[in-house]
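Heads up: the structure comes next, in structure tokens.
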Amino acid sequence: MLGDTYLTVHQWYKGFTPWKSHTIVWVQLLELPVEFFNPEAVRRIAEKIGRPIRVDKPTELGARVKYARVCVEVDLTRPLLSQFKIEGITYLIQYEGMYKICSECGIYGATTAECRCQLSRETSATTNAGRVGSYGGGPRNTTGGSNGGENVWRLDDCEA
Numbered sequence: 000m001l002g003d004t005y006l007t008v009h010q011w012y013k014g015f016t017p018w019k020s021h022t023i024v025w026v027q028l029l030e031l032p033v034e035f036f037n038p039e040a041v042r043r044i045a046e047k048i049g050r051p052i053r054v055d056k057p058t059e060l061g062a063r064v065k066y067a068r069v070c071v072e073v074d075l076t077r078p079l080l081s082q083f084k085i086e087g088i089t090y091l092i093q094y095e096g097m098y099k100i101c102s103e104c105g106i107y108g109a110t111t112a113e114c115r116c117q118l119s120r121e122t123s124a125t126t127n128a129g130r131v132g133s134y135g136g137g138p139r140n141t142t143g144g145s146n147g148g149e150n151v152w153r154l155d156d157c158e159a
């Protein structure tokens with residue numbers, strides 16, 4: 000972290016572009032039951048988020064029970080997963096150091112107020128006042144739930 004910006008350093012390679020669409024981030028799987036605190040189960044869950052890099056030591060050892068922590072490479076051009084289900088129970092995901100995630104569509108890089116999906120929705124609502132179901136943004140919130148007052152943007156089922 001550098002200020003409020005997520006900074007990653009990569010080795011230079013031919014064709015390198017600083018506008019990478021992927022980054023590596025630590026992810027917390029909140030309130031995960033202890034039976035899933037093993038590297039294989041955590042990796043299988045992390046595969047739903049992106050490409051697992053490594054599970055941290057306290058998670059491997061079961062030394063921390065509040066959350067499991069795993070390093071994952073994520074695609075920033077796609078909506079980030081906000082939660083997942085195991086056996087019908089929903090668990091939340093927290094991305095360390097990534098503060099600008101739109102709670103409407105899950106895209107990294109803008110708060111909900113700044114996001115294109117929100118701006119598109121406001122423009123569409125103004126233009127199409129009275130029309131039901133008009134939406135000009137990205138993926139809709141299909142879960143119908145909420146997360147601490149914020150919209151829940153993406154949910155996936157896992158088999159850990």
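Following numbering that gives the first Met the number 0, the numbering of the sequence shown begins with 0 at its first residue and continues without gaps. Think of the CB as a built atom: it goes at the ideal place given N, C-alpha and C, for glycine as much as any other residue. Computed from a prediction, not measured in an experiment: that's the story for all the values here.
Run of the alpha helix (DSSP H) containing residue i, from where it starts to where it stops
i          : result
residue 84 : Here residue 84 belongs to no alpha helix (DSSP H); instead the beta strand (DSSP E) covers 82-85.
residue 57 : 56-60
Residue closest to residue i, alpha-carbon to alpha-carbon, out of the options
i           : options             : result
residue 84  : 30, 68, 104 and 57  : 30
residue 67  : 104, 112, 10 and 43 : 43
residue 62  : 72, 37, 78 and 77   : 37
residue 35  : 21, 13, 20 and 69   : 69
residue 104 : 115, 96 and 94      : 115
residue 60  : 33, 79, 76 and 45   : 33
residue 50  : 78, 21, 58 and 76   : 21
C-alpha distance - residue i paired with residue j, whole-angstrom precision
i           : j           : result
residue 98  : residue 48  : 17 Å
residue 88  : residue 82  : 10 Å
residue 100 : residue 74  : 13 Å
residue 11  : residue 23  : 16 Å
residue 91  : residue 56  : 21 Å
residue 65  : residue 27  : 9 Å
residue 94  : residue 80  : 10 Å
residue 40  : residue 46  : 10 Å
residue 127 : residue 112 : Residue placement at residue 127 is poorly supported in this model, since its pLDDT is 39, which falls under 50; the coordinates still yield a value, given next. Distance between the alpha carbons of residue 127 and residue 112: 20 Å.
residue 108 : residue 53  : 24 Å
residue 195 : residue 96  : The structure shown does not extend to residue 195, since the chain is modelled only from 0 to 159, so the question has no answer here.
residue 13  : residue 110 : 33 Å
residue 102 : residue 78  : 10 Å
residue 76  : residue 25  : 18 Å
Span of the beta strand (DSSP E), counted from its first residue to its last, around residue i
i           : result
residue 89  : 88-94
residue 109 : Neither: residue 109 is in no beta strand (DSSP E) and is coded neither H nor E.
residue 167 : Residue coverage of the chain in this structure runs from 0 to 159, which leaves residue 167 outside it and unanswerable.
Min CB distance residue i to chain D below 8 Å
i          : result
residue 79 : This model lacks chain D altogether, as it is built from one protein chain only.
Closer than 7 Å: residue i CB and nearest the ligand COA heavy atom
i           : result
residue 103 : What this structure holds is no ligand at all, so the ligand COA is not there to describe.
Legend entry - Those runs of the beta strand (DSSP E) which lie wholly inside the stretch 19-58 and span at least 3 residues: 21-29 and 50-54
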